[in-house]
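Engineer:
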Amino acid sequence: MITGIHESPLSVGSEEEEEEEKIVLVMKPADLLTDWAVVWCGGFISRSTVSSRIYVQKSQGEDGYISFGISEKGLEFAKDLLINTAISSLIPLQLPKIEQNVQIPLVGKVRMVLSDIVIYQVNVPTSIVQPGEMGVTIVASGATANLSFEWSYSYSTWLFEFSDSGVAYVQVEGMEIGMTLGLKNQQGSLRLSPEDCGCYVSYISIKLDGGASWLYQGIIDYFEDDIVSAVEDTITNKVMDAVIKLDSVIQTFPKEISFGNITALNVTITEGPTMTTTSLLIGINGLFTQIDPKATLGGNNLPSTGTGTGSCSNSEKMVGISVHENVLNSASMVYFNSKKMYWVVDDLPDQKILNTAEWRFIIPKLYKEYPNDDMSFNFTVLSPPLIQIQNQGIVATVNSDVFINVVDAGEVIPVACISMEIEASGFAGIISTTLNGGISLSKLTMSLKWSKIGTLHMLLVQSVMSRLLKSIIVPVVNLRLRVGYSLPDFHGYELQNASISYHDSKILVCSDIARAYDEYIPHRFYYE
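Positions in the sequence shown are counted from 1; adding 544 to them yields the working numbering.
This is how it looks when you write it as C-alpha cells:
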C-alpha cells in the first residue's frame, strides 16, 4: 500500500645502440595474486539459470559503449518511487471552490459554497507498470483518498435571512489513476512526456459536521458530482504537471560527468529508450574525453563495438549495466595524452636495489664506472595501455621504457634504456558502495634499447626487474585497488548487492537499487 499523509615526462636520446636482446618471462596469475583477492574475487560472481533475464545487446556500428537494462523488478521499484514522488507533490492538494444555487421547495433558492477543499490523504493498495509501444503505462487501482472542506449556506426572504456553516469530511473510494509516460531521445537527452493520463472515482461518502449539519446532509449530496469531477480533474492535471516538472529536472542533468580536472565521461544518450514487455533498455556514449579543449587524443582510434549480448541471469536484480572495453580504453587514452603515465622510482623499502653495489655482479661496468652511487628508475609508458575484457577477467597490456639512472655528484645520468611489455590480469568487484579490485602480473617481455655501460645480460637484469615489479609495484597498486573507489550515489540512490561478470569485450554489472542514506520502504510515503 502507498500512503500519503498531510605529475614531468622524461626524454632521453640513445647514444650507443646495442644489438637487441629479448627475453620473455611468463608467470601464472595466481603467483602474484594476494590471498584476499583470491577469496574475494572467487566469491562475488554467482550464476543461476532462470527464465527472466535483463539483456543488453549492441549492434555493430553503434556508438554507445555503456548500456543500461531495467528489469521488471527495477520497473516496479521505479513505479513505486514515481508514485511516492507524485503523492508527495500532491499532498496536501487544494481543490477549487464549488458554489451552487439550489432551489428547495417551500424555502426557495439556497446558495451553498464549499471552500478550502483539501485532499490530505491518499492510499494506493495496488499498482502495475507495463512498458509498451507508446511508453510506460502505470495504473494505480483501488485507491482511496480523504478530503475535507468547509461548507456554508445562506438564503433570504423578504422577512428574514438564514445562514449556517461547518466542516465536512469525504471518503473517496475505488479511485483508478492511470498514466502513460512517453520516453524518447531528443538530441542525446532523455525526454519525458505525459502521453495519456486520467483519474476515475467510483464512489464518495460525505459526512457533515458543525451547525445544523444533520439538517443539510441531504442538501449537500447535490455536490457529489461536483466533488467527484473536482477530484478527477485536479489529480489528472497535477499528475501531468508532475511529469513535466520531472522532465525539466532531467534536462538539467549534464551530458558530461567530470572526473577531476583531466577527464569527463560522455553520458549522451545514443540508443533507445527501447521497451519490451518486461524491461527498458537505454544506451549512452560512455567514452572518456579530455577536459582541456586544447588537448588532442592523437591518432588513436577505438574499434567498433562489434556484436555481442550480455544478460543478468538473476531475475531478482533490478538493473543490468553493460560496460564495453572501449570505455576503459578511452580513459586509458585520455590519461596517456595528459602525460600522467610516468613514474620515478628513487625510494624503496629495499633501498639496496637502488645502489650500484647491488648490481656489481649483474652489470659489472655499471659498478666499475659508478661505484656505490645511488640509482633511480624512470618508467615511461609509450602508448595508451590496451585493455581487453575476456570471459575470465580483464587483461591490460602496457608498453613502456625503463630508464636506468645513476645519481653521481647530485647529477642524474641516464645509463641504459630497456623496453618492457607488461601484461597484467585484473579483477573488479563491488563491495557495498565501493568499487575495488586486484591485479597480477601474467607476462613480461623485455629488450635492450640502448646502453652506455656495455652489453647487458638481460636474463639477469630481468630477474631484478621482475622482483621489483612483483615485490614493489604490483603490491602498491593492489593496496590502492583494495581500498577501492567510492561509487557516487545518483540523486540519493545507489547500487546494492551488485555482482560483476565478464563477457567477450564487456563487463556486466547486475544490481539492485536502494536509497543511499535512508532505508527504502516500498509502498509507503508520509507527508507531515
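Beta carbons are placed, not taken as given, at the ideal position from N, Cα and C, and that holds for glycine.
(1) Assuming E975 and I610 make a contact with CB atoms under 8 Å, what is their CB distance in whole Å?
(2) Using the C-alpha atoms, what's the distance from S1030 back to N1022?
(3) Could you tell me the distance, in whole angstroms, from the CA atom of V889 to the CA atom of L979?
(4) From the DSSP output, which residues share a beta bridge with P675?
(5) Using the C-alpha atoms, what's the distance from S615 back to S558?
(6) Which runs of the beta strand (DSSP E) at least 3 residues long sit entirely within the segment 939–988? Give them in chain order.
(7) Just to confirm my understanding: we take L872, look at its own chain, exclude 5 residues before and 5 after, and list those with CB closer than 6 Å. What are they?
(8) Taking just the CA atoms, how far does S927 sit from T822?
(9) Can a CB atom of chain C be found closer than 7 Å to the CB of Y886?
(10) Within the same chain, show all residues whose beta-carbon is closer than 7 Å to that of A968, passing over the 5 residues directly before and after it, in chain order.
(11) Quick one: measure Cβ to Cβ for V787 and L725, integer angstroms, because I've assumed they're closer than 8 Å.
(12) Could you give the distance in angstroms between the alpha-carbon of N829 and the alpha-carbon of G613?
(13) For the putative contact between V946 and M964, defined by C-beta atoms under 8 Å, what is the C-beta separation to the nearest angstrom?
(14) Would you decide whether Y766 is buried or exposed? Buried here means 16 or more other CB atoms lie within 10 Å of its CB.
(15) Bridge partners of P738, per DSSP?
(16) CA-CA distance, M1009 and P1019?
(17) Straight-line CA distance for G527 to C961?
(18) In the DSSP assignment, find the alpha helix (DSSP H) that holds K912 and state where it starts and stops.
(19) So, do the segment 688–705 and the segment 727–734 have three or more beta carbon pairs nearer to each other than 8 Å?
(20) Nearest by alpha-carbon distance to S1045: which of F621, F1034, N935, F706 is it?
(21) Using only alpha-carbon positions, find the residue among S944, V956, G981 that is nearest to I966.
(22) If you follow the beta strand (DSSP E) that S802 is in, where does it begin and where does it stop?
(23) Grouping DSSP H, G and I as helix and E and B as strand, with all else coil, what is R904?
(24) Quick one: what does DSSP say V793 is sitting in, helix, strand or coil?
(25) Could you have a look at T778 and say whether DSSP puts it in helix, strand or coil?
(26) Apart from the five residues on each side of it in sequence, which residues of its chain come closer than 6 Å, Cβ to Cβ, to V680?
(27) Give me the residue from A808, T814, N922 with the minimum Cα distance to S874.
(28) Between I661, F797, V662, D1048, which has its C-alpha nearest N870's C-alpha?
(29) What whole-angstrom Cβ distance do I748 and V716 have, given they're in contact under 8 Å?
(30) The alpha helix (DSSP H) spanning Q638 covers which residue range?
(31) Just list the residues that DSSP pairs S611 with in beta bridges.
(32) Below 7 Å between beta carbons: does that hold for L625 and I661?
(33) Under 8 Å Cβ to Cβ from I794, same chain only, skipping five residues before and after it: list those, please.
(34) I need the DSSP call for I631, collapsed to helix, strand or coil.
(35) Closest by CA to P738, which one among V1053, L691, E776, L790?
Structural biologist: Reading off the structure:
(1) Looking at the sequence itself, residue 975 is Ile, so the reference to Glu does not match. The distance from the Cβ of I975 to that of I610 is about 21 Å, inconsistent with a contact at the 8 Å cut-off.
(2) One alpha carbon belongs to N1022, the other to S1030, and they sit about 16 Å apart.
(3) Rounded to the nearest angstrom, the two C-alpha atoms are 27 Å apart.
(4) Looking at the DSSP output, P675 bridges to V680.
(5) Caution is warranted here: a pLDDT of 38 is assigned to S558, below 50, making its placement in the model unreliable, and the coordinate value is therefore given only provisionally. Approximately 59 Å between the Cα atoms of the pair.
(6) Runs found: 955–975.
(7) Cβ neighbours of L872 beyond the five flanking positions: I931.
(8) Note on geometry: alpha-carbon atoms of T822 and S927 lie some 44 Å from one another.
(9) Among the chains of the structure shown, chain C does not appear; only one protein chain is present.
(10) In the same chain as A968, and ignoring 5 residues on each side of it, the C-beta atoms closer than 7 Å to its own belong to A940, I983, S984, L985, S986, in chain order.
(11) Contact flag correct, Cβ pair sits at about 6 Å.
(12) So the two alpha carbons sit approximately 15 Å from each other.
(13) Taking the Cβ atoms as the reference, V946 lies roughly 6 Å from M964, within the contact range of under 8 Å.
(14) Under a 10 Å Cβ-count criterion, Y766 is classified as exposed, with fewer than 16 other Cβ atoms of the shown protein chains found around its own Cβ.
(15) P738 pairs with L725.
(16) Distance from the CA of M1009 to the CA of P1019, rounded to the nearest whole angstrom, comes to 14 Å.
(17) Any answer about residue 527 is impossible in this case: the structure gives the chain only from 545 up to 1072.
(18) Going by DSSP, K912 is part of the alpha helix (DSSP H) stretching over 908–913.
(19) No contact exists between the segment 688–705 and the segment 727–734.
(20) Among F621, F1034, N935, F706, the Cα nearest to that of S1045 belongs to N935.
(21) The candidate whose alpha carbon is nearest that of I966 is S944.
(22) From DSSP, the beta strand (DSSP E) with S802 extends over 800–803.
(23) DSSP places R904 in coil when its eight states are reduced to three.
(24) Reduced to three states, the DSSP call for V793 is helix.
(25) The answer is helix: DSSP assigns T778 an H, G or I state.
(26) Setting aside the 5 residues that flank it on each side, V680 is surrounded in the same chain by L725, each with a C-beta closer than 6 Å to its C-beta; the list follows chain order.
(27) It is A808.
(28) Per the C-alpha coordinates, the member of I661, F797, V662, D1048 positioned closest to N870 is D1048.
(29) Contact between I748 and V716 is confirmed by a C-beta separation of about 5 Å, below the 8 Å threshold.
(30) Here Q638 belongs to no alpha helix (DSSP H); instead the beta strand (DSSP E) covers 637–639.
(31) Within the DSSP bridge table, the entry for S611 names G827, S866 as partners.
(32) Not closer than 7 Å, so no.
(33) Cβ contact annotation for I794 (same chain, cutoff 8 Å, sequence separation greater than five): S733, L734, R735, L736, in chain order.
(34) Helix at I631.
(35) Ranking the options by Cα distance to P738, first place goes to L790.
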